[in-house]
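Working notes, structure below.
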Amino acid sequence: MLEPLRQGLPPLNLAAASDAASCALPARYEAVREARRFTRKTLEQWNLDDRFDDVCLVVSELVTNALRHGLPAGTPRPREQDPPVRLHLMHWTERLVCAVRDPSDDSPVTRDSDDFSAESGRGLFLVDSFSDGWGWHPMAGALSGKVVWALFRLRRPTGPTCAAV
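For the sequence shown, my numbering gives the first residue as 2, with consecutive numbering after it.
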């Protein structure tokens, strides 16, 4: 699922993820608020509160896009106990990945627009601006749909400094 995240970074060992959390989201726009709440709680647990503003904006855009474009109007909605959108947060020492899965096989489309006052159409531009990289890929195997992800580089944790006495 995360093969493209290796570009320009040291090799990624999925088993070495220090933390991972996942949240199923219903096909309702209130799910964006639920995703933000889940993200805040998770980042607090991981001591990454300082990254909340950027990560939350990106999560909001990814979830909104999944609800708006990944669940086209007129298609049957799954039962509430089988939510169609899922948010994954994965944390390694030097990076954080937000990934949103939806049932659509359609690729995300960035819009080129000079109308900066438009009220929609800039979601992926914001994702690109606030994250260190993003991408998408189709699901494999029995799962249909796609995953859209955003990567955030984290500062390497600094240990306590020792002073010579």
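The beta-carbon is built from N, C-alpha and C at its ideal position, and this holds for glycine as well.
Everything numeric in this text was worked out from a predicted model, so none of it was measured.
- Around the beta-carbon of A100, 16 or more other beta-carbon atoms lie within 10 Å, marking it buried.
- Setting aside the 5 residues that flank it on each side, A21 is surrounded in the same chain by M91, each with a C-beta closer than 6 Å to its C-beta; the list follows chain order.
- The Cβ atoms of L97 and L155 lie closer than 8 Å to each other.
- Out of R52, W150, T40, the CA that lies nearest to the CA of C24 is found in T40.
- Under the three-state reduction of DSSP, G142 is assigned to coil, being neither helix nor strand.
- Per the coordinates, the alpha-carbon of W93 lies some 10 Å from the alpha-carbon of W47.
- Restricting attention to W137, V59, L58, R29, the CA atom closest to the CA of D107 is found in W137.
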